[in-house]
Amino acid sequence: MVAPDFNELNPDASPQAAYGARLRSLREAGGLKRSWPNARTSPRQAAGAVVVTRPPLRHEYRMSNIAREEAMGSSDNTASPTGGTAETSSVRAVNTDAIAIPEADAERLRNALVDQIRADGHARTPDVERALRTVPRHKFVPGASLEDAYANSPVPIKYDSDGTSISCASQPVVVALMLDQLQAQPGERILEIGAGTGYNAALLAHLVGDSGHVTTIDVDDDLVQGARAHLSAAGCTNVEALTRDGALGHAEGAPYDRIIATVGAHGVPRAWLDQLAPGGRLLVPQRLKGSVARSVAYEQRDGRWVSLGSEMNTFMPLRRGIADDGRRVIPLSADGTVRLQAHAGQHIDAGALSGVLGQPRTEEWTGMTVHAMESPEWMELFVSCSVPSGLIRMLFPQSAKGTLLSDDPYPSSAAAVDKGAVAYLARRLSEKKTPEGGRLWEFGVIGHGPGSDELAATVADAIRTWDRDYRGRAATFELQPLDAPAIEQRPGLFALDTPLNRIVVDWQ
Ligand SMILES: C[S@@+](CC[C@H](N)C(=O)[O-])C[C@H]1O[C@@H](n2cnc3c(N)ncnc32)[C@H](O)[C@@H]1O
1 MVAPDFNELN PDASPQAAYG ARLRSLREAG GLKRSWPNAR TSPRQAAGAV VVTRPPLRHE
61 YRMSNIAREE AMGSSDNTAS PTGGTAETSS VRAVNTDAIA IPEADAERLR NALVDQIRAD
121 GHARTPDVER ALRTVPRHKF VPGASLEDAY ANSPVPIKYD SDGTSISCAS QPVVVALMLD
181 QLQAQPGERI LEIGAGTGYN AALLAHLVGD SGHVTTIDVD DDLVQGARAH LSAAGCTNVE
241 ALTRDGALGH AEGAPYDRII ATVGAHGVPR AWLDQLAPGG RLLVPQRLKG SVARSVAYEQ
301 RDGRWVSLGS EMNTFMPLRR GIADDGRRVI PLSADGTVRL QAHAGQHIDA GALSGVLGQP
361 RTEEWTGMTV HAMESPEWME LFVSCSVPSG LIRMLFPQSA KGTLLSDDPY PSSAAAVDKG
421 AVAYLARRLS EKKTPEGGRL WEFGVIGHGP GSDELAATVA DAIRTWDRDY RGRAATFELQ
481 PLDAPAIEQR PGLFALDTPL NRIVVDWQ
């Protein structure tokens with residue numbers, strides 16, 4: 001017996017080129033929400049006349065719904081065959097063809113999508129709900145069918161030369177939860193980093209109204225041209241779309257009441273903080289350590305940039321600029337199908353890890369259990385903060401389960417490394433039950449390679465510590481300059497240095 005379908009997360013990375021690339025693209029697709037398996041069926045009605053510029057979407061749909069519904073895991077599988085964040089080279093033109101769309105169908109599908117988002121606990125304010133019910137998403141993804149435009153899935157619109165998605169309309173539930181976090185108000189000036197299709201900028205424009213203004217930036221001119229065309233087709237007049245490195249912000253339009261990045265960052269560029277008005281809010285999907293990322297809302301309090309809240313959330317990373325956070329892939333199995341997706345700046349001895357899964361296995365089970373509707377996302381961050389390498393996403397095909405890997409590997413940020421050793425999180429059905437008689441899954445750690453017993457024990461200890469001392473608590477975050485005084489040494493307090501600043505994570 002294995003955990004419910006949330007463990008089907010990782011894509012089939014077998015080299016069935018188009019299918020694999022499409023799955024990879026989807027997983028990269030800019031904000032896939034990790035949530036529990038209570039999702040409703042997305043609207044799938046036929047959608048009238050459409051221009052389909054892509055291969056059939058059956059696998060995309062399924063994959064993104066697995067990602068959305070999976071309970072414990074990663075939602076953003078960004079592996080490319082080579083693993084790097086390639087310099088941009090569009091392999092698919094942005095399609096802005098005008099097509100005849102039955103607007104009543106669009107409205108019905110849009111409302112069904114928003115109903116689903118609301119039922120999942122997002123779009124919490126009437127303003128955000130109204131914006132989502134009003135802005136026509138299909139006008140921002142004119143190459144997609146109406147059903148895909150209103151599925152709760154990202155819609156990729158641009159790929160790099162190895163098939164990795166480098167731009168998309170983000171998954172609607174993620175868009176909604178970030179708008180909840182941002183709390184944009186009428187009359188405000190907003191800067192968005194990551195224009196993509198322009199859809200989120202249009203939602204922001206709706207929220208700030210005619211007396212407000214939105215500036216949205218993307219690094220590729222073709223994307224900005226596309227976003228402008230989409231915004232114009234949707235009748236948005238208070239949005240300006242610009243081509244530049246978003247990490248520099250847009251000083252000419254500052255100060256902004258809110259800055260939102262819809263692209264992943266590790267360090268927070270100084271320009272974003274400098275260009276906020278007093279009392280302004282920054283919302284950034286931030287890779288914290290290893291592969292663990294959350295969208296964090298920061299505001300200044302007594303001169304310190306502190307978090308007001310965060311949501312588990314992973315986006316495609318910044319590229320082609322001064323704050324890039326590229327990725328690389330490190331094979332663990334001799335056949336190359338099981339791989340780590342590490343960030344490019346992390347020192348990992350890929351040679352020492354090559355084929356490591358072929359070495360004898362060590363196992364340590366922790367006694368820490370979760371039930372089917374419980375997200376272990378805070379455990380994931382705590383363990384990542386606690387082990388030197390952090391927890392790194394491990395990509396694997398379904399066929400690796402029970403063969404190269406354990407029966408039920410944790411499909412999110414799961415693996416720690418130390419020289420030639422790897423230790424990854426796994427689950428098994430526990431004999432224990434919830435008080436109501438429900439099933440529980442126990443977390444364990446599987447190690448391979450020299451020193452893996454010690455590494456597995458360290459990871460298992462961190463899981464037990466979280467379970468004993470921190471379970472049920474959310475961490476807070478603070479941004480500090482790299483030359484700030486060292487933090488005090490106490491349990492539950494971690495300083496994570498990025499190239500640009502320090503993130504202090506506190507479980508107090
Ligand atoms: C997930 S998409 C954004 C989705 C978009 N907000 C929408 O509603 O369609 C991320 C975007 O960030 C852009 N991006 C990546 N690096 C960037 C950079 N350095 N500066 C500005 N934009 C960047 C990508 O080109 C991509 O379009």
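Under UniProt numbering, the first residue of the sequence shown is numbered 1, with each subsequent residue one higher. Beta carbons: idealized from backbone N, C-alpha and C, even for Gly.
Beta carbon of residue i: closer than 7 Å to some heavy atom of ligand 1?
i    : result
R319 : yes
N200 : yes
Q316 : According to the sequence displayed, residue 316 carries Met and not Gln. At least one heavy atom of ligand 1 is nearer than 7 Å to the Cβ of M316, so yes.
D262 : In the sequence on display, residue 262 carries Thr and not Asp. T262 Cβ: within cutoff of ligand 1.
D467 : no
C168 : yes
L223 : yes
V219 : yes
I193 : yes
D245 : yes
T197 : yes
For residue i, report the span of its beta strand (DSSP E) as first-last.
i    : result
Q185 : Note, Q185: premise wrong, no beta strand (DSSP E); not H, not E.
S310 : 304–312
Y199 : From DSSP, Y199 is part of no beta strand (DSSP E) but of the alpha helix (DSSP H) over 199–208.
A408 : The sequence as given places Asp at residue 408; Ala does not occur at that position. Where D408 is concerned, there is no enclosing beta strand (DSSP E), given that its DSSP letter is neither H nor E.
W365 : 361–371
A293 : 292–301
E240 : 239–243
R328 : 327–331
L283 : 276–289
T216 : 213–218
S153 : It is not in any beta strand (DSSP E) - S153 carries neither H nor E in the DSSP assignment.
E252 : First-last for E252: undefined, no H or E at that position.
V263 : It is not in any beta strand (DSSP E) - V263 carries neither H nor E in the DSSP assignment.
Q480 : 476–480
Go ahead and label residue i buried or exposed: buried means 16 or more other beta carbons lie within 10 angstroms of its beta carbon, across all protein chains shown.
i           : result
R44         : At R44, the pLDDT of 23 sits below 50, so the modelled position is not reliable; the number obtained from the coordinates is stated separately. Classification of R44: exposed, given that the 10 Å Cβ count is below 16.
E311        : buried
S386        : buried
A344        : exposed
M379        : buried
L381        : buried
S153        : buried
R304        : exposed
S165        : buried
R228        : buried
G438        : exposed
E252        : exposed
S211        : exposed
residue 558 : In this structure the chain extends from 1 to 508, so residue 558 is not present and cannot be described.
K433        : exposed
Q181        : buried
A79         : Residue placement at A79 is flagged as unreliable, the pLDDT there being 33, under the threshold of 50; a coordinate-derived value is accordingly withheld.
P156        : buried
R490        : exposed
V505        : buried
R301        : exposed
A334        : exposed
D257        : buried
Q508        : exposed
How is the alpha helix (DSSP H) around residue i delimited, first residue to last?
i    : result
G351 : 350–353
A378 : Inspection of the sequence shows that residue 378 is occupied by Trp rather than by Ala. Start and end: 377–386.
E129 : 126–134
E107 : 103–119
D222 : 221–233
A149 : 146–149
Is the shortest distance between the beta-carbon of residue i and the beta-carbons of chain D less than 8 Å?
i    : result
E488 : Of the chains in the structure shown, none is chain D; there is only one protein chain.
> Which ranges would you report for the beta strand (DSSP E) in the stretch 434–470 if only whole runs of at least 3 residues count?
Replying inline: 439–448
> Are the stretch 270–278 and the stretch 394–402 in contact at 8 Å, needing three or more beta carbon pairs?
Replying inline: no
> Does the stretch 354–365 come close enough to the stretch 448–465 that 3 or more CB-CB pairs lie under 8 Å?
Replying inline: yes
> With a cut-off of 8 Å, do at least 3 Cβ pairs link the stretch 253–268 to the stretch 311–331?
Replying inline: yes
>> Taking contact to mean 3 or more Cβ pairs, one atom from each stretch, closer than 8 Å, check whether the stretch 132–148 and the stretch 223–241 are in contact.
In response: yes
> Taking three-plus beta-carbon pairs below 8 Å as touching, is the stretch 167–175 in contact with the stretch 116–123?
Replying inline: yes
>> When you compare the stretch 365–372 with the stretch 463–470, are there three or more beta-carbon pairs, one atom per stretch, that lie closer than 8 Å?
In response: yes
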